[in-house]
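> One structure follows; several queries about it will come next.
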Amino acid sequence: MSLPREPRQKMINMMYLVLTALLALNVSAEILNAFKTVNKSLETTNATVNNSTTAIMQSLEDKQNDPKTAEKAAIWLPKAKAVQEYAKSMNTFIQSLKNEIIKEGGGDPDKSSFKADNLDIATRLMLDKGKAKELLAKLTEFKKNILKNVDPSIDSAFSSTLPIYLEIPKGVSKSNNTWERAYFHMVPTVAALTILSKFQNDVKTSENKIVEFCHNKVDKVVVRYDTYAAFAQSNSSYVMPGDEMEVTAGVGAFSKAALPTVTIAGAVTPLGDDGAAHKLLNAESTLGEHSINVNVEYTDQEGKKQTILKTIKYTVGQSAASIALDKMNVLYIGVDNPVSIAASGGGSEAIQVSISGAGGALQNLGKGKYIARVNSVTDDCKITVTVGGKVAGASVFRTRTIPKPIAVVGPYESGASINANAFKAQAGVGAGIKDFPFELKYQVTRFILSADNDEGYIDEAPCQGNLWSSAAQAVLSKLKSGRTITIDDIYATGPDGRSQKLPSLVYYIK
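Residue numbers (this note's numbering): 5 to 514.
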C-alpha cells in the first residue's frame, strides 16, 4: 500500500539537492577559469596568425614589383586580397557577436570584466534572437566563397582540409540536436566567447593558408619579420592530479638558420619540425592553481640575443561525486532501489560506478540514475564512483529485508468494528506495508477464518489463496451482530519471494 512520504524522506531529498548544487558550484568556478585561460590563448594565437598573414601579403606585393615575378603576382595578388576581404567581413561579424555578449553580461568589450557564469545571455542572443543560425549561414557562405569563388585550384587544394568544421560536434546530448543548440544552448558567457574565438581562429587560419597558397603560386615567401612573438601554451588548463599535459613553446617568427632555444620547467627542450618545443609533463598532485615557467631565447634579425619568459598557468581539480538513495537511507532486498549519482572531473564515458557487499548489482539508467539490487543483510554495502580510473567518491549503506507486511480485509485493519453486510461484501484478505515508499505487491497464499455460531461453538473455514473459500462464505452468511471473526495462520509472499506468516486479524460485528 502506498501512503504519503514521511518528513524524513523529504529531508533526505532536500539534502541531496543541496549537495548536488554545491558540487556544481564548486566545479563551475574552476571550469570558468579554464575557459578564460583557453579564450586568452586563442586570442593570442589569432594575433600571431594575423601577423603571419600580413607578412605574407607584404611579400606578395613585393613580388609585383619584381620583374621576374610581376606577371604571376598580378594574377594572384587580387585573389589573395579577395580572400582577405571575405575573412575580414567574417571576423568582424564574429567580433560583433562577442562584443554584444560582453555588453549583455554587464561588461565593456575593451575590458575583461563581465558575468562569466551567466547561462541565459548566450542562449537568449544566439538562439532566441537567431544569431547562431546567422553565424552558421555566414560561416557556410565564407567557406563556399573562399573555396569556390576565388580560383578552382584553391577548391582542389583545400576542399577537404580547410579548418572550418560545420558539423554538429560528437557526443552532445540528444536534446541539442542542432548546430546552434550544440554550441550555444545553456552555456556560460565565457564559454560562448571561447567558442566564438575558436571560430575566429578557424577563419584566420583558413585565410592564412589560402593567402600563402596564392603566394606560392608566384614564388616562395620571403618575409622580413620585424616583430617576434614568443608563445607558450598547454593542451589543457584544467587537469586532474597526476594527469599528463603537453606544453608547446617557441617563436612565432623564426628562421631555421637561427632556431630558438626553449627551456620548459627548467629543462632545455628540443624543437620539432614545426620549430616549436613540445614537452610532456605530469600535473602536480596538489589541488589548486599551478604554473610552468617557459624561457624562450632567440636571435633577432639585427643579431641581438633576446629572452622572453612565459608562465603557463593551469588548475589541478579533484574529481568529486555525490551518491544519494532516492527512496530511503537503506537499501532493501528484493526491490529496485533508485540511486542518484552526480560526478565531476570527466565526461560520462570516464565515470564508472560499482557496488560491493550484499551481493549487490547496479543498473545504469542514464543521466545519473541507477537501480541498485541487493541480496543479503549487511551494514557495509559500498557504492564507489571512479572518474578516469580514480576514486571520486564512495558511500556505505545498510541493507535490510523489507519490513513485514500486515494483513487487512478491504480497508479495515484488525480490531475494527464492522457492519455484517459490509464485511460480507469483501472478497478476501489482502496484505501490504504501511508508510513504505516502495509500491510492493504481496500475495496472500492461505489463511483460516473463524467465527462463533448460535450454539456458542467456533466455525472454522480454511482458505487457499487470498479469496474466501466456499466454506468461509458459508460461515460469513451466518454473521450476526455481536459475533467475533478471527483470521489467523495468514501466509503471504512478497516481491523478494519469501513466504511470511502475518499477524492474526480480529473483527467485531456490530
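The C-beta atom is built at its ideal place from N, Cα and C for all residues, glycine as well.
What three-state label does DSSP hand Ile150 in the structure shown?
Start at 1 with the first residue of the sequence shown, and residue 150 comes out as number 146. Correct three-state label for Ile150: helix.
> What is the DSSP secondary structure of Thr451, reduced to helix, strand or coil?
Here residue 451 refers to the residue found at position 447 of the sequence shown. Sequence check: residue 451 is Phe here, not Thr. Three-state result, Phe451: strand.
> Assign Arg502 to buried or exposed, taking buried as 16 or more other Cβ atoms, counted over all protein chains shown, within 10 Å of its Cβ.
To locate residue 502, count along the sequence shown from 1; it is residue 498. Arg502 should be labelled exposed.
> Are the CB atoms of Asn299 and Leu313 within a distance shorter than 7 Å?
Translated into the one-based positions of the sequence shown, residue 313 becomes position 309. Translated into the one-based positions of the sequence shown, residue 299 becomes position 295. Yes; because the gap between Cβ atoms is below 7 Å, this pair is in contact.
> Quick check: the Cα distance between Gly276 and His282, rounded to an integer number of angstroms?
Numbered from 1 along the sequence shown, position 272 holds the residue referred to as residue 276. Numbered from 1 along the sequence shown, position 278 holds the residue referred to as residue 282. Cα to Cα, the separation comes out at about 7 Å.
> If you run the structure through DSSP and keep just helix, strand and coil, what is Leu509?
In the sequence shown, residue 509 corresponds to position 505, counting from 1. In this structure, Leu509 counts as strand in the three-state DSSP scheme.
> Just list the beta strand (DSSP E) runs in the region 361 to 415, keeping only unbroken ones of 3 residues or longer that don't cross its boundaries, in chain order.
365 to 370, 373 to 377, 382 to 391, 394 to 404 and 410 to 412
> One question on the structure: do Glu293 and Thr265 come within less than 7 Å of each other, judged by their Cβ atoms?
Your numbering for residue 293 matches position 289 in the sequence shown. Your numbering for residue 265 matches position 261 in the sequence shown. Not a contact, by the Cβ cut-off of 7 Å.
> Express the C-alpha separation of Asn341 and Gln504 in angstroms, rounding to a whole number.
Indexing the sequence shown from 1 puts residue 504 at position 500. Indexing the sequence shown from 1 puts residue 341 at position 337. Approximately 22 Å, taken between the alpha carbons.
> With DSSP run on the structure shown, which of helix, strand or coil describes Gln477?
The residue labelled residue 477 in the question sits at position 473 within the sequence shown. DSSP places Gln477 in helix when its eight states are reduced to three.
> Of all the options Lys394, Ser380 and Ile337, which has the alpha carbon lying nearest to the alpha carbon of Ser358?
Working through the sequence shown from its first residue, we reach residue 358 at position 354. Selected option, being the one with the closest Cα: Lys394.
> Quick one: using the 10 Å Cβ neighbour count with 16 as the cut-off for buried, is Ser352 buried or exposed?
To locate residue 352, count along the sequence shown from 1; it is residue 348. Exposed, since its Cβ has fewer than 16 Cβ neighbours within 10 Å.
> Buried or exposed for Leu506, going by 16 or more other Cβ atoms inside 10 Å?
Taking the sequence shown and counting its residues from 1, the one referred to as residue 506 is at position 502. Buried.
> Quick check on Gln62 - is its C-beta less than 7 Å from some C-beta in chain C?
In the displayed structure, chain C is absent; only one protein chain is listed.
> Taking the C-alpha atoms as reference points, what is the distance between Tyr446 and Ile375?
On the sequence shown, residue 446 is found 442 positions in, with the first residue counted as 1. On the sequence shown, residue 375 is found 371 positions in, with the first residue counted as 1. In a straight line, the C-alpha of Tyr446 is about 21 Å away from that of Ile375.
> With burial defined as no fewer than 16 other Cβ atoms inside 10 Å of the residue's Cβ, what is the status of Ala78: buried or exposed?
For the purposes of this step, residue 78 is taken as residue 74 along the sequence shown, with counting starting at 1. Ala78 comes out exposed.
> Can you name the start and end residues of the alpha helix (DSSP H) that Ile98 belongs to?
Your numbering for residue 98 matches position 94 in the sequence shown. Looking at the DSSP string, the run of the alpha helix (DSSP H) that includes Ile98 is Ala74 to Glu108.
> Is the CB-CB distance between Gly419 and Lys386 below 7 Å?
Within the sequence shown, numbered from 1, the residue matching residue 419 stands at position 415. Within the sequence shown, numbered from 1, the residue matching residue 386 stands at position 382. No, the Cβ-Cβ distance between Gly419 and Lys386 is not below 7 Å.
> Quick check: the region 405 to 420 against the region 363 to 371, are at least 3 beta-carbon pairs closer than 8 Å?
no
> What's the call for Arg12, buried or exposed, on a 16-neighbour Cβ count within 10 Å?
Within the sequence shown, the letter at position 8 stands for residue 12. Only weak support is given to the placement of Arg12: the predicted model assigns it a pLDDT of 44, under 50, and the value that follows is read from those uncertain coordinates. So Arg12 ends up on the exposed side.
> Around the Cβ of Met130, are there at least 16 other Cβ atoms within 10 angstroms (buried) or fewer (exposed)?
The count along the sequence shown starts at 1 and reaches residue 130 at position 126. Met130 should be labelled buried.
> Suppose the cutoff is 6 Å on Cβ atoms and the five residues either side in sequence are ignored; what does the same chain contact list for Asp155 look like?
As a position in the sequence shown, residue 155 is number 151, starting the count at 1. The residues are Lys83.
> Verify whether the separation of the beta carbon atoms of Ala136 and Glu65 is less than 7 Å.
Position 132 of the sequence shown, counting from 1, holds the residue named residue 136. Position 61 of the sequence shown, counting from 1, holds the residue named residue 65. Not closer than 7 Å, so no.
> Three-state secondary structure (DSSP) at Thr290?
If you number the sequence shown from 1, residue 290 lands on position 286. It is coil, neither helix nor strand.
> CB-CB under 8 Å to Leu151, same chain, minus the five flanking residues each way: which ones, in chain order?
If you number the sequence shown from 1, residue 151 lands on position 147. Same-chain partners within the cutoff: Ile158, Asp159, Phe162, Ser163 and Leu166.
> Helix, strand or coil for Ile296? Go by DSSP, reduced to three states.
Along the sequence shown, read from residue 1 onward, the residue named residue 296 stands at position 292. Looking at Ile296 - three-state DSSP - the assignment turns out to be strand.
> In three-state terms, what does DSSP make of His219?
In the sequence shown, the residue the question calls residue 219 occupies position 215. Correct three-state label for His219: helix.
> By DSSP, does Ala141 sit in helix, in strand, or in coil?
On the sequence shown, position 137 is the one that residue 141 refers to. DSSP places Ala141 in helix when its eight states are reduced to three.
> Roughly how many angstroms separate the alpha carbons of Ala411 and Phe427, rounded to a whole number?
What you label residue 411 is simply residue 407 of the sequence shown in a count that begins at 1. What you label residue 427 is simply residue 423 of the sequence shown in a count that begins at 1. Rounded to the nearest angstrom, the two C-alpha atoms are 15 Å apart.
> Is Met190 buried or exposed, if buried means 16 or more other CB atoms sit within 10 Å of its CB?
Locating residue 190 in the sequence shown gives position 186, counting from the first residue. Met190 should be labelled exposed.
> Where do the ends of the beta strand (DSSP E) carrying Ile557 lie?
No information on residue 557 is available, as it lies outside the stretch 5 to 514 that the chain covers here.
> Quick one: Cα of Phe203 to Cα of Ile60, how far?
In the sequence shown, the residue the question calls residue 203 occupies position 199. In the sequence shown, the residue the question calls residue 60 occupies position 56. When rounded, the distance between both Cα atoms is 22 Å.
> Could you tell me the distance, in whole angstroms, from the CA atom of Ile491 to the CA atom of Arg402?
What you label residue 491 is simply residue 487 of the sequence shown in a count that begins at 1. What you label residue 402 is simply residue 398 of the sequence shown in a count that begins at 1. A direct Cα-Cα distance of roughly 35 Å separates Ile491 from Arg402.
> Locate the alpha helix (DSSP H) running through Gly184, then write down its first and last residues.
Taking the first residue of the sequence shown as 1, we reach residue 184 at position 180. What sits at residue 184 in the sequence shown is Glu, not Gly. Trp183 to Phe188 is the span of the alpha helix (DSSP H), which, as asked, contains Glu184.
> Output the distance between the C-alpha atoms of Leu26 and Ser326, rounded to the nearest integer angstrom.
For the purposes of this step, residue 26 is identified with residue 22 of the sequence shown, where counting begins at 1. For the purposes of this step, residue 326 is identified with residue 322 of the sequence shown, where counting begins at 1. With a pLDDT of only 42 at Leu26, under 50, the local geometry of the prediction cannot be trusted, and the value read off the model is given with reservation. Those two C-alpha atoms are separated by around 10 Å.
> What are the boundary residues of the alpha helix (DSSP H) that Lys428 is part of?
Your numbering for residue 428 matches position 424 in the sequence shown. Ala424 to Lys428 is the extent of the alpha helix (DSSP H) around Lys428.
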